[in-house]
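In the numbering used here, the protein residues as written are 170 to 338.
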Ligand code: S3P
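This is the structure:
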């Protein structure tokens with residue numbers, strides 16, 4: 170039984186690692202941002218922020234986190250702000266959820282986000298840097314294990330996670 174929760178800042182590699190882990194474990198992957206968009210009835214995260222504001226987005230995010238409390242055999246790729254509400258993390262950690270933090274330096278995630286319009290909170294670089302610094306203690310607080318996603322390949326990150334789960338392919 171594995172319930173794997175990937176947390177980390179925008180651009181830290183959660184979605185890529187989640188996809189690969191899902192293949193390796195033969196578990197479905199839940200992309201929280203996609204589930205939020207589905208619930209909203211709008212076409213994208215950017216549209217939710219633009220039309221309804223960040224607070225509405227956070228409420229949808231919390232509803233999705235709650236819906237995953239009893240899930241098992243799943244890989245959850247969270248949005249970078251999921252750690253801003255304790256309840257979200259309590260729901261995600263329920264039922265044996267193990268939380269892995271993918272960490273990369275700000276300059277690395279900034280380069281990955283350059284020119285992307287899909288992340289409303291990354292449009293302003295200096296605001297993004299402030300968020301990055303403000304969130305660091307929250308990520309550290311919830312992580313069962315932290316992996317450096319700037320210096321490690323996707324397969325290597327997955328091996329690290331699998332060995333922590335005691336999974337032998
Ligand atoms: C956000 C991160 C995004 C998305 C939304 C808000 C954040 O997810 O949930 O734009 O507050 O850090 P990714 O981390 O998948 O980009």
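Ideal placement from N, C-alpha and C gives every residue a C-beta, glycine not left out.
Beta-carbon gap between residue i and residue j smaller than 7 angstroms
i	j	result
residue 246	residue 170	no
residue 315	residue 215	no
residue 251	residue 181	no
residue 178	residue 284	no
residue 211	residue 217	yes
Cβ shell of residue i (< 8 angstroms), same chain only, five flanking positions each side left out
i	result
residue 309	270, 315
residue 219	289
Cβ shell of residue i (< 7 angstroms), same chain only, five flanking positions each side left out
i	result
residue 281	180
residue 188	198
residue 190	173, 244, 327, 330
residue 232	208
residue 202	214, 248
residue 332	none
Length of the line joining the Cα atoms of residue i and residue j
i	j	result
residue 200	residue 323	17 angstroms
residue 185	residue 192	11 angstroms
residue 243	residue 228	22 angstroms
residue 318	residue 326	7 angstroms
residue 173	residue 221	30 angstroms
residue 209	residue 257	18 angstroms
residue 291	residue 297	5 angstroms
residue 336	residue 194	9 angstroms
residue 302	residue 196	33 angstroms
residue 300	residue 260	23 angstroms
residue 223	residue 230	10 angstroms
residue 293	residue 304	16 angstroms
From the options, residue whose alpha carbon lies closest to that of residue i
i	options	result
residue 272	231, 233, 312, 218	312
residue 234	217, 223, 292, 254	254
residue 276	295, 268, 260, 259	295
residue 136	293, 223, 268	The requested residue 136 is not part of the displayed model; the chain covers only 170 to 338.
residue 320	274, 223, 183, 175	274
Other residues of its chain near residue i: CB distance less than 6 angstroms, five sequence neighbours each side excluded
i	result
residue 334	171
residue 225	none
> At a cut of 8 angstroms, does the region 261-275 reach the region 223-240 through at least three beta carbon pairs?
Replying inline: yes
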